[in-house]
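One structure is given here, and the rest of the page talks about it.
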Ligand SMILES: Cc1ncc(COP(=O)(O)O)c(C=O)c1O
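Residue numbers (our numbering): 363 to 707.
If you want it as structure tokens, here you go:
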């Protein structure tokens, strides 16, 4: 059965054009710097993000970890959102592998970190204190609703970082969604950042891969750390070929996913038993709650939806996140809304 899969944009399978490009990709040993397709992807990514250089990495988690390991020494501290992926969902890699301590600051409902909270978290020079080295922002901020951070906020955090001799890293797993939603270029959005990680494997539909961008010096160190982590890949142009299509084509169509998320949210607002968040969606994620008066539990809702051909990520909470992506068309949106109606009635 061909399911309508709303669990995440990570479920996107490569497009037929990607599969063709992958089959025909020119390849070489990328650890030797010999893979022309990877080299092309890296140049393209650096150019689109307005940074000097880029590095192709297997995953967003490894990309964030590499960036943190380049910026920080053991015992340093990183200011992170308390709802951020790097803090909650990367298996504690920064601490386990880098000896880096996260300093969580509350994410505001709009995904931002309050400047006063950041300032208050920067350590003073004292032999007892860790050294604050880095601030991490996440754009779009996933748990806060897939909300895009504005260029103004990013600019202000960048200024604060520079004034305090700190680096700024952006976990931009979905930075092209953030840019599309605000009608600006990704380059403009990340201008104040020293480094950015973004994913090809989410809404951009590549099967594998993320990019880290920054200065030439930063990327040269990042390349070394990628090898250390076992992320040096060989004839990986076969995957980078899909990444080039992600950047050249998929970045231009994300508005369609956002429009479909809106359409789905509007449809679900008419379904009794569902409370779609007031401002949802900001990008490609619809967040909602199953009302307290609905007696069937979320797991059962997930099972019933699956029987009707729709996959949703239903855990034991009443909170649901539905994500649109390349493989969700208008008919899929309509089918998902009617499946919810049927299950909840
Ligand atoms: C905001 C954010 N950052 C980083 C990642 C990590 O990416 P990966 O799953 O490729 O390791 C994810 C994955 O979903 C994410 O949502």
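Ideal placement from N, C-alpha and C gives every residue a C-beta, glycine not left out. On a predicted model such as this, the values are computed, not experimentally measured, just so you know.
With 16 other Cβ atoms within 10 Å as the buried cut-off, status of residue i
| i | result |
| --- | --- |
| residue 439 | buried |
| residue 628 | exposed |
| residue 436 | exposed |
| residue 515 | buried |
| residue 454 | exposed |
| residue 658 | exposed |
| residue 610 | exposed |
| residue 590 | exposed |
| residue 614 | exposed |
| residue 632 | exposed |
| residue 380 | buried |
| residue 374 | buried |
| residue 557 | buried |
| residue 413 | buried |
| residue 598 | buried |
| residue 640 | exposed |
| residue 474 | buried |
| residue 315 | This structure does not reach residue 315, given that the chain is present from 363 up to 707, and the question cannot be answered. |
| residue 336 | Nothing about residue 336 can be reported from this structure: the residues present for the chain run from 363 to 707 only. |
| residue 545 | exposed |
| residue 504 | buried |
| residue 650 | buried |
| residue 608 | buried |
| residue 491 | exposed |
| residue 585 | buried |
| residue 665 | exposed |
| residue 363 | exposed |
| residue 442 | buried |
| residue 426 | buried |
| residue 477 | exposed |
| residue 533 | buried |
| residue 662 | exposed |
Ligand 1 heavy atom lying under 7 Å from the CB of residue i
| i | result |
| --- | --- |
| residue 426 | yes |
| residue 533 | yes |
| residue 572 | yes |
| residue 563 | yes |
| residue 421 | yes |
| residue 586 | no |
| residue 687 | no |
| residue 372 | yes |
| residue 620 | no |
| residue 515 | no |
| residue 504 | yes |
| residue 409 | no |
| residue 500 | yes |
| residue 490 | no |
| residue 447 | yes |
Bounding residues of the alpha helix (DSSP H) (the contiguous stretch that carries residue i)
| i | result |
| --- | --- |
| residue 642 | Neither: residue 642 is in no alpha helix (DSSP H) and is coded neither H nor E. |
| residue 728 | The structure shown does not extend to residue 728, since the chain is modelled only from 363 through 707, so no value can be given for it. |
| residue 423 | 422-433 |
| residue 516 | 513-525 |
| residue 558 | No alpha helix (DSSP H) holds residue 558; the beta strand (DSSP E) holding it covers 557-561. |
| residue 359 | Outside the displayed range of the chain (363 to 707) lies residue 359, so it cannot be described from this structure. |
| residue 378 | 378-386 |
| residue 619 | 616-631 |
| residue 485 | Neither: residue 485 is in no alpha helix (DSSP H) and is coded neither H nor E. |
| residue 456 | 455-460 |
| residue 587 | 578-590 |
| residue 692 | 692-706 |
| residue 680 | First-last for residue 680: undefined, no H or E at that position. |
| residue 448 | 447-450 |
| residue 549 | 548-551 |
Beta-carbon separation (whole angstroms), residue i vs residue j, contact threshold 8 Å
| i | j | result |
| --- | --- | --- |
| residue 684 | residue 626 | 6 Å |
| residue 687 | residue 565 | 5 Å |
| residue 394 | residue 602 | Not quite, the Cβ-Cβ distance comes to about 15 Å (not below 8 Å), so this is no contact. |
| residue 578 | residue 410 | Their Cβ separation, rounded to whole angstroms, is 17 Å, which puts residue 578 and residue 410 out of contact at 8 Å. |
| residue 535 | residue 561 | 5 Å |
| residue 502 | residue 540 | 5 Å |
Span of the beta strand (DSSP E) around residue i
| i | result |
| --- | --- |
| residue 411 | First-last for residue 411: 398-411, but that is the alpha helix (DSSP H), not the beta strand (DSSP E). |
| residue 667 | Residue 667 -> not in any beta strand (DSSP E); alpha helix (DSSP H) instead, spanning 660-669. |
| residue 648 | 647-652 |
| residue 439 | 438-443 |
| residue 497 | 493-500 |
| residue 510 | Here residue 510 belongs to no beta strand (DSSP E), and DSSP marks it neither H nor E. |
| residue 415 | 415-419 |
| residue 531 | 529-533 |
| residue 636 | 636-638 |
| residue 674 | Here residue 674 belongs to no beta strand (DSSP E), and DSSP marks it neither H nor E. |
| residue 463 | 463-467 |
Heavy atom of ligand 3 within 7 Å of residue i beta-carbon
| i | result |
| --- | --- |
| residue 383 | As for ligand 3, it is missing from this structure, which binds only ligand 1. |
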